[in-house]
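Top line first, the protein sequences correspond to chains H and Z.
Throughout the first sequence, residue numbering follows our numbering, covering 1 to 187 in sequence.
Throughout the second sequence, residue numbering follows our numbering, covering 1001 to 1137 in sequence.
From the three backbone atoms N, C-alpha and C, an ideal C-beta is built for every residue, glycine too.
One structure below.
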Amino acid sequence: MIEFLIQPWSWWFSGLVISSIMFLLLFFGKSFGFSANLRTMCSIAGAGKKVKFFDFDWKKQTWNLVFLVGAIIGGFIANQFLSPDDYAVAISENTISDLSKLGFEAPTSIQPSELFSNENAFSLKGFLILSIGGLLVGFGARYAGGCTSGHAISGISDLQIPSMIAVVGFFLGGLIMTFGIIPLIFG
Amino acid sequence: MKFIKYLLVGIVFGIVMAKSEAISWYRIQEMFRFQAFHMYGIIGTAVVLGVIGVALIKKFKLRDISGNPIVFYPKNKSIARYLIGGSIFGLGWALSGACPGPMVVNIGYGFLTFAIVLVFATVGTYLYGAIKDKLPH
């Protein structure tokens, strides 16, 4: 049992759990959409006084913030109790080879230290990458009216055309970044 | 106490996102390079089960825990909004390797530098709210 928990979990199990979470939230009378929390955090910080978009009854989103806190705890549990000590993501050889041309070493953990080490985050380039990445995600998610959970999972499950268009956009942007911009940043 | 169920569901979400490596920048790069099935398997499984489940909810007019009908609201029709907004999101997703959920799971996992990504995602959301009336929707 322990060994089963400690090894990486399969894609089908993950997909099954994610759809179950969506259904549980529907059953609780809510809808699965994680990026709504970013709007809520702006409102709590007082953005509603200046910008009308943030002037809403954020208390109705408290459940979603509690879900967010749970997600942080879940990440902690996964690392502390459910992962081996020296654990590296087993990505495809082709990806390792492509990334090595950009200066990334083969994975030694779940995230590249070239991007997410403390040392890197406090260099100017490293900080700009993390902050601009975050800005684009936050701006784009709200502009598109949702993120992966709201559009790719919830919206497409309801066969909504707007969500399908949004996911096409997710990939358009992702491909431009991966093949057009990342080689310029790291090449 | 009424919020504890959301905490538990959130914990399960965080564990499964981390344990299936969906929070990994490497996995997102692998996805956008079409070099493995893994991420497509996760999202594809969730969507296929989701489509079936939502259809069943509608067919049998299921109700939620407080007895209200489960309703799905159609999103506003637009192309520009979803395509442009989605593309901006995609640029950030591929660069930071995380959409909003995985950002916070990463913080819990111990990658505290994702707090920078999360703070700026919140700033990005604020910027959208501040200039939204000037954008095509």
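{"query": "Closest Cα partner of CYS1099 of chain Z within the set Z:TRP1025, Z:GLY1041, Z:LEU1007 and Z:VAL1016", "result": "Z:TRP1025"}
{"query": "Members of the region 89-107 of chain H near chain Z, C-beta cut-off 8 Å", "result": "VAL89, ILE91, SER92, ASN94, THR95, ASP98, LEU99 and PRO107"}
{"query": "DSSP three-state assignment for PRO183 of chain H, whether helix, strand or coil", "result": "helix"}
{"query": "Near-chain H residues of the region 1065-1080 of chain Z - C-beta to any C-beta below 9 Å", "result": "ILE1065, SER1066, ASN1068, ILE1070, PHE1072, TYR1073, PRO1074, LYS1075, ASN1076, LYS1077, SER1078 and ILE1079"}
{"query": "Sheet register partners of ARG1063 of chain Z (DSSP bridge)", "result": "Z:PRO1069"}
{"query": "CB of GLY1014 of chain Z within 8 Å of CB of GLY75 of chain H, strictly", "result": "yes"}
{"query": "C-alpha gap between ALA152 of chain H and LYS125 of chain H, whole angstroms", "result": "31 Å"}
{"query": "Segment limits, alpha helix (DSSP H) that includes PRO1102 of chain Z", "result": "1100-1109"}
{"query": "Selected residue, minimal CA-CA separation from VAL89 of chain H, among Z:VAL1009, Z:SER1066 and Z:MET1039", "result": "Z:MET1039"}
{"query": "Interfacial residues, the region 50-63 of chain H to chain Z, with Cβ spacing under 9 Å", "result": "LYS50, VAL51, LYS52, PHE53, PHE54, THR62 and TRP63"}
{"query": "Buried or exposed by the 16-neighbour rule on C-beta atoms within 10 Å, applied to VAL1071 of chain Z", "result": "exposed"}
{"query": "Nearest neighbour of SER157 of chain H, chosen from H:PHE28, H:PHE32, H:PHE4 and H:TRP9 [CA to CA]", "result": "H:PHE32"}
{"query": "For PHE56 of chain H and ASP971 of chain Z, the rounded distance between their alpha carbons", "result": "There is no way to answer for residue 971 of chain Z, as the model of chain Z reaches only from 1001 to 1137."}
{"query": "ASN37 of chain H - DSSP class collapsed to helix/strand/coil", "result": "helix"}
{"query": "Inter-residue spacing [alpha-carbon to alpha-carbon] between SER14 of chain H and SER35 of chain H", "result": "20 Å"}
{"query": "Cβ contact (3+ pairs, closer than 8 Å) linking the region 107-125 of chain H and the region 1095-1115 of chain Z", "result": "yes"}
{"query": "Residue environment, MET1001 of chain Z, which counts as buried when at least 16 other CB atoms sit within 10 Å", "result": "exposed"}
{"query": "beta-carbon ASP86 of chain H near the ligand ATP non-hydrogen atom, thresh 7 Å", "result": "By its list of ligands, the structure shown contains no ligand whatsoever, and the ligand ATP lies outside what it can speak to."}
{"query": "Best match in Z:TYR1126, Z:LEU1112, Z:PRO1136 and Z:SER1078 for proximity to LYS52 of chain H [C-alpha to C-alpha]", "result": "Z:TYR1126"}
{"query": "For GLY133 of chain H, the first and last residue of its enclosing alpha helix (DSSP H)", "result": "124-143"}
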